[in-house]
Amino acid sequence: MTYDHVLDTSPLRQNVRLLGDTLGEIIRTTVGEDLFQSIESIRQASKLATEAEQTAALFDQLKRLDAEQLLLISRGFAQFLNLANIADQHFTTTKSVSSRFGAYDRIVGAINELSATASKAELASAIANLHMDLVLTAHPTEITRRTLIHKHGEIHDCLTWLDSGQADEAKVQRRLADLIAQIWHTEEFLEQRPTPIDEARWSFAVIENSLWDAVPEFIRDLDAIADKFALDIPPRSKPVVRLSSWIGGDRDGNPNVTAKVTFRAMIISRWQAADLILRNLEEIYEELSVTKATDALCQMTNGAREPYRAILRPVRDAVRKQRDGLGAYIQDGSLNPPAYLPTNTITDSLELCRQSLLTMGLDAIADGKLLDLLRRLETFGSHLVTLDIRQESTRHSDVIGEITEALGLGDYQTWSELEKQAFLEAEIANPRPLLPINFEASE
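The opening position of the sequence shown corresponds to residue 1416 in the working numbering, with each subsequent residue numbered one higher.
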């Protein structure tokens, strides 16, 4: 794909300047004029330090600072870079940039090029078979606190309001100053090394703040592309996006990841899923005051005046009960966690409502928030992520070997790789219990 004009980055530079100036004022009022001027002096010197003599002068300036000053100056530059990154991320979502580099336009460009050699049926099949497996990972040095993730998101929203030209500029700038001050006075890192549960919570915050909305938006882009090129997309055999994570399940070399930790990570994942689903359900419930429905749906609700709400009410209540029960267990581990709420318990009712709306010609409602939630459930389920268990291979072999010995199947360790795979695949697919109730394993 080629473009006939240079991208105008002046809005990006303007936002970086706005955020940087706001941060500078907060630093000035917090730590004083002298340190603020030191930061400015170092910033200017860094821009000029392109030759050895200038670099040496910059190092001399830094050497004259004590440890406390260096810490504050480092924080100032680190926070500026964070804010510049937010401005850059915001810039990539603006119309002028997304129209050239966004998913929709890049896919449109690719299809335009492929259309010369591929048939419509082949293009439709390619879109139908599009599938991405995303894996969330974490490293202790990369952890951003959940509270800071939320503040960064709000700053992004403020920049969006300013760019719209419809916001009260002074009001939004005051909010920006408030948020940046909060960030400056917040510890960037936890005092203690993050636990596997801390890392799991971080990954769930990433889903809440980005992927939960990004996935249905991306699938909508695919729908729009199919309409644009008049492609008849066949039914998909699997979701467009699948999400998994090994955070809380990585036992390979990490003694802190025990079975209890893995179980707790799964419970928190289910709680986060229930919380997000409930928010969407409550929005849909409030909006579906529609009375026009198929006879079949009306009969199912015994002629309720608002049939869609009648269908969704027990589902909403079940998800709320699930969320509250999981939350209570997280707070008090002595309680029993609620039974797993199957995803189809939710999707079946949503699909009933959607099909009725489509039948009655209410496509705009059927294909709005209702469809988005169905696609989220297809992607995330009622458990949010698939948790991968990573275990050092000899530990795995020892456990399976003990099981095969107990069952009289021989020494698993001596089997070929193909024999091991065949055994594991067969037993995973077999619904019967593999071990007797009275089986006792060694330590």
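Heads up, the beta-carbon is just placed ideally off N, CA and C, and yes, glycines get one too.
Could you check what DSSP says for residue i in three-state terms: helix, strand or coil?
i	result
Gly-1433	The amino acid at residue 1433 is misidentified as Gly; the sequence shows Leu. Of the three classes helix, strand and coil, the one that applies to Leu-1433 here is helix, per DSSP.
Leu-1788	helix
Lys-1707	coil
Gln-1581	coil
His-1600	coil
Asp-1864	Not covered by the structure: residue 1864. The range shown for the chain is 1416 to 1858.
Leu-1642	The amino acid at residue 1642 is misidentified as Leu; the sequence shows Asp. In this structure, Asp-1642 counts as helix in the three-state DSSP scheme.
Ile-1780	helix
Ser-1857	coil
Gly-1796	coil
Ile-1648	coil
Thr-1575	helix
Thr-1424	coil
Thr-1809	helix
Ile-1564	helix
Arg-1608	coil
Ile-1442	helix
Ile-1852	coil
Thr-1556	Low local confidence applies: a pLDDT of 49 at Thr-1556 is under 50, so the model's placement there is unreliable, with the coordinate-based value given in what follows. Thr-1556: helix per DSSP, three-state reduction.
Name, in chain order, the residues that DSSP records as bridge partners for residue i.
i	result
Asp-1548	Arg-1657
Thr-1801	Ser-1659
Since residue i and residue j should fall inside the 8 Å C-beta cutoff, what is the C-beta to C-beta distance between them, to a whole number of angstroms?
i	j	result
Glu-1623	Leu-1691	6 Å
Gln-1741	Arg-1685	Note that residue 1741 is Leu in the sequence shown, not Gln. With a Cβ gap of about 6 Å, Leu-1741 and Arg-1685 count as contacting.
Lys-1784	Glu-1702	7 Å
Val-1523	Pro-1611	Actually they do not touch by this definition, with Cβ atoms about 42 Å apart.
Ser-1917	Val-1814	Residue 1917 is absent from the model: the chain starts at 1416 and stops at 1858.
Ile-1745	Ile-1662	Contact doesn't hold; Cβ gap of about 16 Å is too wide.
Arg-1666	Gln-1806	5 Å
Thr-1444	Ala-1592	At roughly 10 Å, the Cβ-Cβ gap does not stay under 8 Å, so Thr-1444 and Ala-1592 are not in contact.
Ser-1453	Ile-1488	6 Å
Ala-1620	Leu-1802	With 8 Å as the limit, Ala-1620 and Leu-1802 do not qualify as a contact, their Cβ atoms being about 16 Å apart.
Lys-1707	Leu-1789	Going by Cβ atoms, the distance from Lys-1707 to Leu-1789 rounds to 20 Å, so no, they are not a contact pair.
Ile-1473	Ala-1460	Just to set this straight, residue 1473 is Leu in the shown sequence, not Ile. Correct: roughly 5 Å between the Cβ atoms.
Val-1587	Leu-1577	6 Å
Ala-1688	Phe-1795	6 Å
Thr-1562	His-1505	Actually they do not touch by this definition, with Cβ atoms about 20 Å apart.
Leu-1658	Leu-1696	Actually they are not in contact, since the Cβ atoms of Leu-1658 and Leu-1696 sit about 20 Å apart, beyond 8 Å.
Arg-1738	Leu-1693	6 Å
Between residue i and the ligand NAD, is there a pair consisting of the residue's CB and a ligand heavy atom that are separated by less than 7 Å?
i	result
Leu-1477	Among the components modelled here there is no ligand, and therefore nothing to report on the ligand NAD.
Query raised in the report: Can you list, in chain order, the stretches of the alpha helix (DSSP H) that have 4 or more residues and sit fully within the segment 1715-1764?
Result: Correct list: 1722-1746.
Query raised in the report: Which whole runs of the beta strand (DSSP E) in the segment 1653-1681 are 3 residues long or more, in chain order?
Result: 1656-1660
Query raised in the report: Are the segment 1711-1725 and the segment 1814-1825 touching by the rule of at least three beta carbon pairs closer than 8 Å?
Result: Contact between the segment 1711-1725 and the segment 1814-1825 is not established, with fewer than three Cβ pairs separated by less than 8 Å.
**Report entry** the segment 1419-1434 touching the segment 1490-1502, judged by at least three CB pairs closer than 8 Å
**Finding:** yes
Query raised in the report: Do the segment 1635-1653 and the segment 1531-1541 touch if we need at least three Cβ pairs shorter than 8 Å?
Result: yes
Requested in this report: Indicate whether the contact test is met: 3 or more Cβ pairs, each with one atom in the segment 1627-1643 and one in the segment 1573-1584, closer than 8 Å.
Outcome: no
Query raised in the report: Looking at C-beta atoms only, is the number of pairs between the segment 1466-1480 and the segment 1436-1449 that lie closer than 8 Å three or more?
Result: no
Requested in this report: Let me know the alpha helix (DSSP H) ranges lying completely inside the segment 1456-1541, each 4 residues or longer, listed in chain order.
Outcome: 1467-1478, 1482-1508, 1510-1516, 1518-1529
Query raised in the report: Using 8 Å as the threshold, is the segment 1590-1601 in touch with the segment 1766-1785, meaning 3 or more CB pairs across them?
Result: no
Query raised in the report: Hey, which unbroken runs of the beta strand (DSSP E) at 3 residues or more fall wholly within the segment 1813-1850?
Result: none
Report task. Please determine if the segment 1718-1734 and the segment 1757-1772 are in contact, where contact requires at least 3 C-beta pairs separated by less than 8 Å. Result -> yes
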